[in-house]
Amino acid sequence: KFYRVYGSGPRPFDLSQPNYKSTCQRFVEKYNELKEEGKIEEEKLFEETGKALLAGGIILQRRGTDKVTQQSHQDAEARDSVLHQQLQSVLEEMQAKKKDVEEQKPELTEAQKESPVS
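All residue numbers for the sequence shown refer to the UniProt record's numbering, where the first residue is 1 and numbers rise by one.
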């Protein structure tokens, strides 16, 4: 959830420093600390962790949603709607065919009784 909301950060991890902690790692540690205290509701814990880091001097910037992403989401919703309608039509056709077959079965069994195949 952290990466989805805040992204991976403005700079790469500095693996040459043994004690280096990424912003994400600091976030996770603060999150767990606040969770253990038990003073903050679970639903608010993510936001409150961000606020606590800000108070400690760590600035988190939310990722922006660009117009391309929004357009892709709208396209997907429209496509899903069309697909749902098509599936609904196919389902109705299948149910109608099944009903027709079930209605014809008694007729077939009557005909088979009259002229059994030897």
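Yeah, the Cβ is synthetic: ideal placement off N, Cα and C, and Gly gets one too. Note that the structure is predicted; figures quoted are calculated from it, not measured.
The Cβ-Cβ distance between Lys-51 and Glu-42 does not fall below 9 Å. In terms of CA proximity to Gly-57, Lys-30 leads the group Asp-80, Gly-38, Lys-30. Val-5 and Glu-103 have their C-alpha atoms spaced approximately 57 Å apart.
Its Cα nearest to that of Cys-24, the residue Leu-53 stands out among Gln-95, Leu-53, Arg-79.
Annotation: the continuous alpha helix (DSSP H) that includes Gln-25 extends over 23-37.
Here the C-alpha atom of Ser-16 lies approximately 13 Å from the C-alpha atom of Ser-22.
Secondary structure note for Tyr-20: it is in no alpha helix (DSSP H), with a DSSP letter that is neither H nor E.
The continuous stretches of alpha helix (DSSP H) do not include Lys-44, and DSSP gives it neither H nor E. For Gln-61, the three-state secondary structure derived from DSSP is coil. Considering only Leu-83, Asn-19, Phe-46, the residue with the shortest C-alpha distance to Asn-32 is Phe-46.
DSSP places Lys-1 outside both helix and strand once states are collapsed to three, so it counts as coil.
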